[in-house]
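Residue numbers (this note's numbering): -18 to 96.
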């Protein structure tokens, strides 16, 4: 066969990012599971409201404060899910898997959930 005109397949993305308003997320396969890190600017300490998005009562984010270049404190909230083990995203794991959070954070758009 003559395959001179065959185009190579498009490259496979290593991760996917998305976002809306004050939140961003990254999804990536790591060691056979798929993890989703959701980060938003602002609080989210109410039990079923994560940065203005209603969710299950288990969706209590980890909240951190950082300072911007002007010295102002910016609050960031994040949730981490294993979407293979927890397809309905009912049980966030960010408090027990901060190693994964730190691996995924740099993949978020620049300036989101800084470390």
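Virtual Cβ for every residue (Gly too), placed ideally from N, Cα, C. All of these numbers come straight from a predicted model, not from anything done at the bench.
- Counting C-beta atoms within 10 angstroms of its own C-beta, residue 52 has fewer than 16 neighbours from the protein chains shown and is therefore classed as exposed.
- Look at residue 63 here: in three-state DSSP terms it is strand.
- Residue 14 counts as exposed, since fewer than 16 other C-beta atoms from the protein chains shown sit within 10 angstroms of its C-beta.
- Within the same chain, and ignoring the five residues on either side of residue 46 in sequence, the residues whose Cβ sits closer than 8 Å to its Cβ are 54, 55, 56, 57.
- Taking a 10 Å sphere around the C-beta of residue -6, we find fewer than 16 other C-beta atoms and assign the residue as exposed.
- Distance from residue -13 to residue 39 at the Cβ level is roughly 49 Å; contact not present, criterion being Cβ atoms closer than 8 Å.
- By the beta-carbon neighbour count (other beta carbons within 10 angstroms, threshold 16), residue -3 is exposed.
- When DSSP states are grouped into helix, strand and coil, residue 56 belongs to the strand group.
- Rounded to the nearest angstrom, the gap between the Cα atoms of residue 63 and residue -10 is 29 Å.
- Annotated three-state conformation of residue 82 is helix, per DSSP.
- Between residue 61 and residue 16, the gap from beta carbon to beta carbon is short of 8 Å.
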